[in-house]
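Residue 66 in full-length UniProt numbering sits at position 66 of the sequence shown, and the numbers go up by one each step.
What follows is a set of notes on a single structure, which appears directly below.
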Amino acid sequence: MRHNSRSVAGLSANRLLHCATVGGARSLALNSVVGSIEVGKQLDFVSFNLCSPLLAGLKADTIIDGVVFSCDNREIKRVVVAGITRFSQ
């Protein structure tokens, strides 16, 4: 991540995450059900190992960049779908 902080799409990782979550839900008219973390909405999520060499030491405002542009499945710590843990390391 320290050497790969650019986006070839010209969008920041924060903007890409917003497009994939809130923007995606809104474009499908599902934003009342999914797309953001709010009480009453459905939620699937992935958590990452922040101690991974690719993420360790990153500041809070660059962690999303690290996940989007540098990580692969080895950094995944947990996957939850519809409230059920599907993978845990």
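Here a beta-carbon is modelled for each residue, glycine too, at the ideal position from N, C-alpha and C.
These numbers were taken from a predicted model, which means no experiment stands behind them.
Check: Uninterrupted alpha helix (DSSP H) stretches inside the UniProt domain "Amidohydrolase-related" (6-83) (no shorter than 4 residues); Outcome: 13-18, 24-27 and 63-70
Check: Given 8 Å, three or more beta-carbon pairs between the segment 11-21 and the segment 55-66; Outcome: yes
Check: Exposed unless 16 or more other CB atoms sit within 10 angstroms - verdict on Leu43; Outcome: exposed
Check: Neighbourhood of Gly35 by C-beta, 6 Å cutoff - its chain only, sequence neighbours within 5 removed; Outcome: Thr21, Val22 and Ala25
Check: Buried/exposed call for Leu54, threshold 16 Cβ in 10 Å; Outcome: buried
Check: As assigned by DSSP and simplified to three states, the class of Phe87; Outcome: strand
Check: Cβ-Cβ distance between residue 106 and Arg86 below 8 Å; Outcome: Here the chain has residues from 1 to 89 only, and residue 106 is not among them.
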